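For the sequence shown, UniProt numbering gives the first residue as 1, with consecutive numbering after it.
The beta carbon of each residue, even a glycine, is placed where N, CA and C say it ideally should be.
It should be emphasised that the depicted structure is a prediction, and the values quoted were computed from it without experimental measurement.
Notes follow the structure.
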Amino acid sequence: MAEDLNITASTNKTEQYTTLIPQIEALLYDEPDLVANLANISAALKEQFKWFWVGFYLVKDNELVLGPFQGPVACTRIALGKGVCGSAWEQAKTLIVPDVDAFPGHIACSSLSRSEIVVPVFHNNEVVAVLDVDSELLDQFDETDTRYLEQIVKLVSFK
Ligand code: SME
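Set out below in structure tokens:
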């Protein structure tokens, strides 16, 4: 049963993630529905970090299709290799973009987005989705985000 999140006021990223992760585990516990779980992860991350946009794109028929997210409306479909999301999918690895204007082929769903991290989600060694996080500020993401966001997406079960 979902309750209010315990949001830490700390600005230390590690503390923010370590407070949040057990709560995400509790939200996902015993809930097999993929959309429900991706929706709650997006909401929990948005609430703790106040990022501009947090959400998932799901691989469907060899395209990324917009899934559960928190933030302004976004592009619905992204091709393999296109933008940061399509590149993270193609390369099957987390990509950090400190300045989206310096990323060739960045897809500007919103001109307010300035930096971004995209984390692939794997099932049976294949990328089945990506988690996309956008900030309105430059250079907001680092190895701490990579480490914990990769840990968070592993909590999702894609049966
Ligand atoms: N900026 C992304 C597109 C998705 S939106 O930002 C939500 C990209 O270049 O992949």
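**Prompt:** Exposed or buried, Tyr148, counting other C-beta atoms within 10 Å across all chains shown (16 or more means buried)?
**Reply:** buried
**Message:** Assuming the contact rule is C-beta atoms closer than 8 Å, Glu136 and Phe52 should be a hit. Round their C-beta distance to whole Å, please.
**Reply:** 5 Å
**Asked** Alpha carbon to alpha carbon, what distance is there between Asp4 and Glu25?
**Response** Computed Cα separation, rounded: 14 Å.
**Prompt:** Are at least three pairs of beta-carbons, each pair with one atom in the region 94-114 and one in the region 9-28, less than 8 Å apart?
**Reply:** no
**Message:** Short of 7 Å in beta carbon distance, which residues of its chain neighbour residue 160, apart from the five on each side in sequence? Order them along the chain.
**Reply:** As shown, the chain starts at 1 and ends at 159. That puts residue 160 outside it, with no answer to give.
**Item:** Whole-angstrom C-beta distance between Gln16 and Phe49, which should lie under 8 Å
**Value:** 7 Å
**Closest Cα partner of Ala129 within the set Leu58, Lys82, Ser10, Ala36** = Leu58
**Three-state class that DSSP yields for Gly71 in the structure shown** = If DSSP states are grouped into helix, strand and coil, Gly71 belongs with coil.
**Request:** Spatial neighbours of Val127 within its chain, please: CB distance less than 6 Å, with the 5 preceding and 5 following residues excluded, ordered by chain position.
**Result:** Same-chain partners within the cutoff: Trp89, Ala92, Pro120.
**Straight-line Cα distance separating Ala36 from residue 161** = The requested residue 161 does not occur in the structure, where the chain is confined to residues 1 to 159.
**Uninterrupted alpha helix (DSSP H) stretches inside the UniProt domain "GAF" (33-159) (no shorter than 4 residues)** = 34-49, 83-91, 143-153
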